[in-house]
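Peer 1:
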Amino acid sequence: MPRRDRYHDVVRNALIKEGWTIVHDPMKLGQKVRLYVDLGADRLIIAERRTERIAVEIKVFGSISPITELQKSVGQYLLYRSLLKKQEPERQIFLALSQDAYSPLFSQSEIADYIAELDVNILVFDPEAEEISQWLKS
Numbered sequence: 002m003p004r005r006d007r008y009h010d011v012v013r014n015a016l017i018k019e020g021w022t023i024v025h026d027p028m029k030l031g032q033k034v035r036l037y038v039d040l041g042a043d044r045l046i047i048a049e050r051r052t053e054r055i056a057v058e059i060k061v062f063g064s065i066s067p068i069t070e071l072q073k074s075v076g077q078y079l080l081y082r083s084l085l086k087k088q089e090p091e092r093q094i095f096l097a098l099s100q101d102a103y104s105p106l107f108s109q110s111e112i113a114d115y116i117a118e119l120d121v122n123i124l125v126f127d128p129e130a131e132e133i134s135q136w137l138k139s
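Note that our numbering has the sequence shown beginning at 2, numbered continuously upward.
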């Protein structure tokens with residue numbers, strides 16, 4: 002089993018607060034490879050009579066270089082998204098970043114443009130309040 006990130010329970014609790022049901026913790030990707038996305042969650046949308054499905058990869062930027070952390074995280078996200086499209090095409094993947102990691106990086110327009118060009122969905126969370134502060138869908 003993969004090691005849990007420092008904010009794993011924080012993001013899990015934030016999703017539950019927003020009405021999500023955690024259905025995978027972690028979520029196995031692929032049949033032959035041993036890859037896991039941190040969380041899989043579902044939420045029933047009664048008005049539309051459908052279930053919204055997401056996968057969430059939680060990232061903690063703990064190194065000296067946030068850009069290096071972002072490069073690794075986006076590469077991992079793209080690999081997981083590709084595998085997920087084959088396994089569960091209706092499930093959208095999100096990269097979960099704390100407000101402290103997100104704000105300094107994405108205030109730079111070049112970084113925001115890069116992420117938008119790659120169609121990366123981002124979930125920004127407040128670790129203190131255990132709440133999701135932004136859903137950024139590409």
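Where is the CB? At the ideal position from N, CA and C, for every residue including glycine.
Using the Cβ count rule (16 or more neighbours within 10 Å means buried), how would you classify VAL38?
Peer 2: buried
Peer 1: When DSSP labels each residue in this structure, what does ARG7 get in the three-state scheme?
Peer 2: coil
Peer 1: Only counting runs of 4 or more residues, tell me where the alpha helix (DSSP H) segments fall wholly within the region 43-94, in order along the chain.
Peer 2: 67-88
Peer 1: Can you tell which of LYS87, PHE95 and SER66 has its C-alpha closest to the C-alpha of GLU53?
Peer 2: PHE95
Peer 1: Go to SER110, then tell me how far its alpha helix (DSSP H) extends in each direction, as first and last residue.
Peer 2: 110-118
Peer 1: In chain order, what residues of the same chain lie with their CB nearer than 7 Å to the CB of ARG82, ignoring the 5 residues before and after it?
Peer 2: ILE94
Peer 1: Give the DSSP-derived three-state secondary structure of SER104 in the structure shown.
Peer 2: helix
Peer 1: Tell me whether the region 56-66 and the region 8-22 touch, counting them as touching only if at least three CB pairs, one residue from each stretch, are closer than 8 Å.
Peer 2: yes
Peer 1: Report yes if the C-beta distance between ARG67 and SER99 is below 8 Å; otherwise report no.
Peer 2: Correcting the residue type first, residue 67 is Pro in the shown sequence and not Arg. The answer is no: Cβ separation not under 8 Å.
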